[in-house]
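*Asks:* Numbering (the working numbering), first residue to last: 37 to 239.
Ideal Cβ positions, reconstructed from N, Cα and C, are used throughout, including at glycine.
This structure is a prediction, so every number in the text was calculated from the model and none was measured.
Quick one: structure below, then a few questions.
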């Protein structure tokens, strides 16, 4: 019988229990769990603690649950302008530690992606069901997700992810805070988002 992989503690992270992370995201699913694992591996490889400031930047390549896992573990957030979406439809993320100059890109292995996409397709099918049938199938889906997470827990980081070089990255500047009042709707709009004085909704 194969020896079960024991998840190492995540250096500097306040997460002591997966349920703590789930309360942040709202539900347990394979993609969220993989985001937690990916974020933890990034901190381990970069040899750093969870980010409280803005020196660690994360760039996720797909907008789904795994981005929340990365945010929870690494401390990179949209509000601090150090969590970024490069929506390429890939199950990967890059991490840049501006303090040390270290960086890396992590991507899920193909066989792992294929497994979690099965769960995703099942979830899509449940959403298409009539409301009367949806409740029972949702319970089955959540049970399927928990079972998949348990299987993923038994895999090492090396079985889940591949480490590659991160592409070049320049931290974006924050907003200028200069504004205009849109003559169309009367709302205050940051100047760089306005064209010919109009906000994006009115322009």
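Could you tell me if residue 63 is buried or exposed, where buried requires 16 or more neighbouring beta carbons within 10 angstroms of its beta carbon?
*Replies:* Exposed, by the Cβ-count rule.
*Asks:* For residue 13, write down the residues that DSSP places opposite it in a beta bridge.
*Replies:* Residue 13 lies beyond the residue range present for the chain, which begins at 37 and ends at 239; the question has no answer from this structure.
*Asks:* How many angstroms separate the CA atom of residue 118 from the CA atom of residue 91?
*Replies:* If I take the Cα positions, the gap works out to 8 Å.
*Asks:* Closest to residue 85 by CA distance: which of 220, 97, 135 is it?
*Replies:* Closest option to residue 85, Cα to Cα, is 135.
*Asks:* Would you mind stating whether residue 197 and residue 77 have Cβ atoms separated by less than 8 Å?
*Replies:* A contact, by the Cβ cut-off of 8 Å.
*Asks:* Could you check which residue in 129, 123, 125 has the C-alpha nearest to that of residue 107?
*Replies:* Among 129, 123, 125, the Cα nearest to that of residue 107 belongs to 129.
*Asks:* Just to confirm my understanding: we take residue 211, look at its own chain, exclude 5 residues before and 5 after, and list those with CB closer than 8 Å. What are they?
*Replies:* Closer than 8 Å at the Cβ level, and outside the excluded window around residue 211, lie 226, 228.
*Asks:* So, at 6 Å on beta carbons, what are the nonlocal neighbours of residue 143 in its own chain, with the 5 sequence-adjacent residues on each side left out?
*Replies:* Same-chain partners within the cutoff: 128, 198.
*Asks:* Helix, strand or coil for residue 120 per DSSP?
*Replies:* Residue state, collapsed to three classes: strand.
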